[in-house]
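If you count the sequence shown from 1, position 22 lands on 8 in the working numbering, and the numbers rise without skipping.
Beneath this line is the structure, given in structure tokens, with notes to follow.
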Amino acid sequence: ARVYDTDAFADEMKRMQRVLRRLGHIDPENVVQMKGRAAAEVDAAEELLVAELMLGGGFNDLTPALAVALCSCFIAGQSDKVRRAPPPHPDLEKPYEDLRERAKYLASVYNDARIETDEAAFVAQFDG
């Protein structure tokens, strides 16, 4: 039988609740909000970042092709076999920079909640 460290689990849960509260996914009573429900439906490498982009307007001005290209950054991080350079298309420069800025912000939220996150490595995983 596996022995779990319940204190460590409780601490990690409290830190993640701080992250979710700060991002608006749960309220002060830990009730899941619309933003949290949206993130729960995302099936990607980093659900919170995808939700931040979706609900923060990160896809609003993109053509369908550019939206798909930006989404590929989330899938590429899941594949160890495929590494690509950052998107070269000029129309993707602003959306890609928005993705990177939101990833930096999310990493800072994790670190503020004492969830150890290497910002550079976290952002680099979306270099699709």
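Cβ atoms here follow ideal geometry from the backbone N, Cα and C, with glycine treated the same way.
Since this is a predicted model, take the numbers as computed values, not measurements.
Beta-carbon within less than 7 Å of residue i's beta-carbon, same chain only, minus the 5 sequence neighbours each way: which residues are those?
| i | result |
| --- | --- |
| L78 | L52, A55 and L56 |
| E(-2) | none |
| L34 | L9, A25 and L92 |
With distances taken from CA atoms, which of the options is nearest residue i?
| i | options | result |
| --- | --- | --- |
| E179 | A24, E32 and A93 | Not covered by the structure: residue 179. The range shown for the chain is -13 to 114. |
| M40 | L85, R4 and D113 | L85 |
| F45 | E32, P81, Q3 and F112 | P81 |
| D98 | V5, T(-8) and A(-6) | V5 |
| F112 | V17, S58 and R23 | S58 |
| V109 | R23, E32, V28 and E15 | E32 |
| T49 | D29, H75, D13 and A107 | H75 |
| Q3 | T(-8), D(-7) and E15 | E15 |
Going by DSSP, name the residue or residues bridged to residue i.
| i | result |
| --- | --- |
| I12 | V18 |
Since I believe residue j is in contact with residue i (beta carbons under 8 Å), could you give me their beta-carbon distance rounded to a whole number of angstroms?
| i | j | result |
| --- | --- | --- |
| A21 | A(-4) | A small correction: the amino acid at residue 21 is Lys; Ala does not occupy that position in the sequence shown. Not confirmed; about 24 Å, so no contact. |
| R1 | R88 | Not a contact, Cβ separation roughly 20 Å. |
| V17 | H11 | Contact doesn't hold; Cβ gap of about 10 Å is too wide. |
| A30 | F60 | 4 Å |
Please list, in chain order, all residues of the same chain as residue i whose beta carbon is under 6 Å from its beta carbon, the five residues on each side excluded.
| i | result |
| --- | --- |
| G43 | none |
| A(-13) | Any reading at A(-13) must be qualified, since the residue scores a pLDDT of 49, below 50, and its modelled position is unreliable; the value itself is stated next. So the list is empty, once near-sequence residues are dropped. |
| V95 | V5 and R8 |
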